[in-house]
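Undergrad: Got a structure for you, written out below as structure tokens; questions coming shortly.
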Amino acid sequence: MTTAATLPRPRALTFGNLWLSGALLLVMALYPLVFGKAMNFGVSTLIFAGLAMSWNILGGWAGQTSLGHAALLGIGAYTMTLLATPERLPAFLPAPLAPWWGALIGMVVAVALAAVWGGLTFRLRGSYFTLSTIAVALVLRLVAINSEWTGSSEGLFMPELPTLFGLDLFDRKVEYGLAFAFVLLTLVVTHLIRRSRLGYGLQAVREDEDGARALGIDPTRMKLIAFMISAALTALGGSIYAIYLQAFEPHTLLELPISVQIALMAIIGGRTSIQGPLIGALLLSIFGEVFRTVFSNANLLIYGVLILVVTIYAPNGLMGLFRRGGLKLGVNR
Numbered sequence: 001m002t003t004a005a006t007l008p009r010p011r012a013l014t015f016g017n018l019w020l021s022g023a024l025l026l027v028m029a030l031y032p033l034v035f036g037k038a039m040n041f042g043v044s045t046l047i048f049a050g051l052a053m054s055w056n057i058l059g060g061w062a063g064q065t066s067l068g069h070a071a072l073l074g075i076g077a078y079t080m081t082l083l084a085t086p087e088r089l090p091a092f093l094p095a096p097l098a099p100w101w102g103a104l105i106g107m108v109v110a111v112a113l114a115a116v117w118g119g120l121t122f123r124l125r126g127s128y129f130t131l132s133t134i135a136v137a138l139v140l141r142l143v144a145i146n147s148e149w150t151g152s153s154e155g156l157f158m159p160e161l162p163t164l165f166g167l168d169l170f171d172r173k174v175e176y177g178l179a180f181a182f183v184l185l186t187l188v189v190t191h192l193i194r195r196s197r198l199g200y201g202l203q204a205v206r207e208d209e210d211g212a213r214a215l216g217i218d219p220t221r222m223k224l225i226a227f228m229i230s231a232a233l234t235a236l237g238g239s240i241y242a243i244y245l246q247a248f249e250p251h252t253l254l255e256l257p258i259s260v261q262i263a264l265m266a267i268i269g270g271r272t273s274i275q276g277p278l279i280g281a282l283l284l285s286i287f288g289e290v291f292r293t294v295f296s297n298a299n300l301l302i303y304g305v306l307i308l309v310v311t312i313y314a315p316n317g318l319m320g321l322f323r324r325g326g327l328k329l330g331v332n333r
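The opening residue of the sequence shown carries number 1 in my numbering; numbering runs sequentially from there.
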């Protein structure tokens, strides 16, 4: 019988993949030079692009649709902010931590939660798993709202932060650099995973979990690894997002629409490709800016309509349409 050890050796990255990723990175690098007065949009778009790619490791390749990633985003944001705020420090910490240490601890906390969360919920499949992710996110939201340590419903304000190599972290251009580095890191990680044995294992689990198990692949282990990597990157994005926002509260950071938005970016762009979530994040961010004033109170309705349209007419996202239309960009299937 075929075993995991006899799975095909991952192929080298295609030139098309590297070219497309490089082109997208070049556009992002040039953005501040061309649109220097629209840095808020640029920073926010990059952060959510990284979050969408992080989500896609679990939701796209492993086929585990999560609508609870706002919880992981919140863990990164809350952990870094709490550990940097003198009056909210735990008793065992003598002084506030630098934001990079807070971000690292937030990633560790998110990975630990993902390990427990995944261990309990990966026995469920399909919509049951998705519903469980919503439930976990709602529980964490209620904890944040009802805890004085986390600022209750009023949320937290980012304290003054030390400079990073002499750079002010509250400078929008510096924040853009942090967001760009986050996207670059996430893109590199996804490229490496996509052509690794882990990537092939995740694809096998996504296509046929029982068949993957018959090949000697442990689906639960594969999904747990994907979830923990996704959680770590999402928490890192949450830390950067907290710096960008400077003040946040549970009703905006831990709400279901945030999770839906992250997932939808990956789904629209194409969750079976590497660059799809990046493209989806850009398009959905532009869409959000254009229609913000008209549909400000109908986010979930709009997202629901978009999901239906994409599911019916472009089940593989925009990158799937490109491939189907004959635009061979060398993107992973």
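Heads up, the beta-carbon is just placed ideally off N, CA and C, and yes, glycines get one too.
Note that the structure is a prediction, hence the values are computed from the model and not measured.
Can you give me the C-alpha to C-alpha distance between residue 215 and residue 280, rounded to a whole angstrom?
TA: Against the sequence shown, residue 215 aligns to sequence position 215. Against the sequence shown, residue 280 aligns to sequence position 280. Approximately 34 Å between the Cα atoms of the pair.
Undergrad: Take every Cβ of the region 182 to 198, pair it with every Cβ of the region 263 to 279, and state whether three or more of those distances are shorter than 8 Å.
TA: Counting Cβ pairs under 8 Å, three or more are found: they touch.
Undergrad: So is residue 78 buried or exposed if we call it buried at 16+ other beta carbons inside 10 Å?
TA: On the sequence shown, residue 78 is found 78 positions in, with the first residue counted as 1. Buried, since its Cβ has 16 or more Cβ neighbours within 10 Å.
Undergrad: Going by C-alpha to C-alpha distance, which of 56, 50, 20, 52 sits closest to residue 272?
TA: Translated into positions along the sequence shown, residue 272 becomes position 272. For residue 272, the nearest C-alpha among the options comes from 56.
Undergrad: Taking C-alpha atoms, which residue in 150, 153, 82, 72 lies nearest to residue 118?
TA: Position 118 of the sequence shown, counting from 1, holds the residue named residue 118. Residue 72 is the option with its Cα nearest to residue 118.
Undergrad: Whole angstroms is fine: what's the gap from residue 22's alpha carbon to residue 152's?
TA: As a first step, residue 22 must be located in the sequence shown, where it is residue number 22. As a first step, residue 152 must be located in the sequence shown, where it is residue number 152. About 43 Å.
Undergrad: For the region 145 to 176, list the beta strand (DSSP E) runs that are entirely contained and at least 3 residues long, ordered along the chain.
TA: Listed in chain order, nothing qualifies, since the region 145 to 176 has no complete beta strand (DSSP E) run of 3 or more residues.
Undergrad: Within the same chain, show all residues whose beta-carbon is closer than 8 Å to that of residue 125, passing over the 5 residues directly before and after it, in chain order.
TA: As a first step, residue 125 is located in the sequence shown; it is residue number 125 there, counting from the start. Counting only Cβ-Cβ distances below 8 Å, and skipping sequence neighbours, we find 209.
Undergrad: Using the rule of at least 16 other Cβ atoms within 10 Å of the residue's Cβ for burial, across every protein chain shown, is residue 286 buried or exposed?
TA: Walking along the sequence shown from the start, residue 286 turns up at place 286. Exposed is the call here.
Undergrad: Can you tell which of 192, 142, 283, 317 has its C-alpha closest to the C-alpha of residue 249?
TA: Start at 1 with the first residue of the sequence shown, and residue 249 comes out as number 249. The shortest C-alpha separation from residue 249 is found at 142.
Undergrad: Would you report the Cα separation of residue 342 and residue 116, rounded to the nearest angstrom?
TA: For the chain, the structure presents residues 1 to 333; residue 342 sits outside this window and is missing.
Undergrad: In its own chain, which residues sit with a C-beta less than 7 Å from the C-beta of residue 173, not counting the 5 before and 5 after it?
TA: Here residue 173 is taken as the residue at index 173 of the sequence shown, counted from 1. Excluding positions up to five away in sequence, the list reads 32, 39.
Undergrad: Three or more C-beta pairs closer than 8 Å, one from the region 149 to 166 and one from the region 192 to 208: is that the case here?
TA: As far as the Cβ criterion goes, the region 149 to 166 does not touch the region 192 to 208, which means the pair count is below three.
Undergrad: What residue does the alpha helix (DSSP H) around residue 56 start on, and which one ends it?
TA: Your numbering for residue 56 matches position 56 in the sequence shown. 39 to 56 is the extent of the alpha helix (DSSP H) around residue 56.
Undergrad: Would you check if there are 3 or more beta carbon pairs closer than 8 Å linking the region 97 to 117 to the region 237 to 246?
TA: Yes, they touch.
Undergrad: Given this structure, state the Cα-to-Cα distance separating residue 8 from residue 43, to the nearest angstrom.
TA: Position 8 of the sequence shown, counting from 1, holds the residue named residue 8. Position 43 of the sequence shown, counting from 1, holds the residue named residue 43. Only weak support is given to the placement of residue 8: the predicted model assigns it a pLDDT of 46, under 50, and the question is left unresolved by the model.
Undergrad: Within its chain, find whatever has a CB closer than 6 Å to the CB of residue 147; leave out the 5 residues flanking it on each side and keep chain order.
TA: Counting from 1 along the sequence shown, the entry for residue 147 is found at position 147. There are no such residues.
Undergrad: From 25, 108, 231, 112, pick the residue whose C-alpha is nearest to that of residue 179; which is it?
TA: Translated into positions along the sequence shown, residue 179 becomes position 179. Selected option, being the one with the closest Cα: 25.
Undergrad: Count the other C-beta atoms from every protein chain shown that fall within 10 angstroms of the C-beta of residue 45, then say buried if there are 16 or more, exposed otherwise.
TA: Mapped onto the sequence shown, residue 45 falls at position 45. Residue 45 is buried by the Cβ-count criterion.
Undergrad: Would residue 19 and residue 88 qualify as a contact pair, given that the criterion is a beta-carbon distance under 8 Å?
TA: By 1-based counting over the sequence shown, the position of residue 19 is 19. By 1-based counting over the sequence shown, the position of residue 88 is 88. No, these two residues do not count as a Cβ contact at 8 Å.
Undergrad: Got a sec? Which residues, its chain only, sit under 6 Å from residue 334 by beta carbon, not counting five neighbours each side?
TA: In the structure displayed, the chain extends from 1 to 333; residue 334 sits before or after that span and is not available.
Undergrad: Starting from residue 270, trace the alpha helix (DSSP H) both ways and give me its first and last residue.
TA: Here residue 270 refers to the residue found at position 270 when the sequence shown is read from its first residue. Counting along the chain, residue 270 falls outside any alpha helix (DSSP H), and DSSP gives it neither H nor E.
Undergrad: Pull up the distance between the alpha-carbon of residue 212 and that of residue 224, whole angstroms please.
TA: If you number the sequence shown from 1, residue 212 lands on position 212. If you number the sequence shown from 1, residue 224 lands on position 224. Cα to Cα, the separation comes out at about 15 Å.
Undergrad: DSSP puts residue 115 in a beta bridge; with which residues?
TA: Stepping through the sequence shown from its first residue, residue 115 is reached at position 115. Looking at the DSSP assignment, residue 115 forms no beta bridge with any residue, so it has no partner.
Undergrad: Please work out which residues of its chain come closer than 7 Å, Cβ to Cβ, to residue 228, disregarding the five sequence neighbours upstream and downstream, and give them in chain order.
TA: Here residue 228 refers to the residue found at position 228 when the sequence shown is read from its first residue. Same-chain partners within the cutoff: 111, 114, 115.
Undergrad: Residue 84 to residue 96, Cα distance in whole Å?
TA: The residue you call residue 84 lines up with position 84 of the sequence shown. The residue you call residue 96 lines up with position 96 of the sequence shown. Distance between the alpha carbons of residue 84 and residue 96: 5 Å.
Undergrad: Does the Cβ-Cβ distance between residue 105 and residue 244 come in under 8 Å?
TA: In the sequence shown, the residue the question calls residue 105 occupies position 105. In the sequence shown, the residue the question calls residue 244 occupies position 244. Against a cut-off of 8 Å, the Cβ pair of residue 244 and residue 105 comes out as no contact.
Undergrad: Rounded to whole angstroms, what is the Cα-Cα separation between residue 35 and residue 218?
TA: Residue mapping note: residue 35 aligns to position 35 of the sequence shown, counting from 1. Residue mapping note: residue 218 aligns to position 218 of the sequence shown, counting from 1. If I take the Cα positions, the gap works out to 47 Å.
Undergrad: Would you mind giving the Cβ-Cβ distance between residue 109 and residue 75, rounded to the nearest angstrom? I have them listed as a contact below 8 Å.
TA: Translated into positions along the sequence shown, residue 109 becomes position 109. Translated into positions along the sequence shown, residue 75 becomes position 75. That pair is a contact at about 6 Å.
Undergrad: Give me whichever residues DSSP pairs with residue 248 in a beta bridge.
TA: On the sequence shown, residue 248 is found 248 positions in, with the first residue counted as 1. The partner list for residue 248 (beta bridge, DSSP) reads 156.
Undergrad: Please determine, among 267, 70, 222, the residue with the shortest C-alpha to C-alpha distance to residue 62.
TA: Here the question's residue 62 lines up with position 62 in the sequence shown. Closest by alpha carbon: 222.
Undergrad: Residue 327: buried (16+ other C-beta within 10 angstroms of its C-beta) or exposed?
TA: The count along the sequence shown starts at 1 and reaches residue 327 at position 327. Low confidence applies here, because residue 327 scores a pLDDT of 48, under 50, leaving its location unreliable; read the following figure in that light. The residue is exposed, with fewer than 16 neighbouring Cβ atoms inside 10 Å.
Undergrad: Just reading off the alpha helix (DSSP H) that residue 289 is part of, what are its end residues?
TA: Locating residue 289 in the sequence shown gives position 289, where the first residue counts as 1. 276 to 291 is the span of the alpha helix (DSSP H), which, as asked, contains residue 289.
Undergrad: Assign residue 254 to one of three DSSP states: helix, strand, or coil.
TA: Position 254 of the sequence shown, counting from 1, holds the residue named residue 254. Looking at residue 254 - three-state DSSP - the assignment turns out to be coil, as it is neither helix nor strand.
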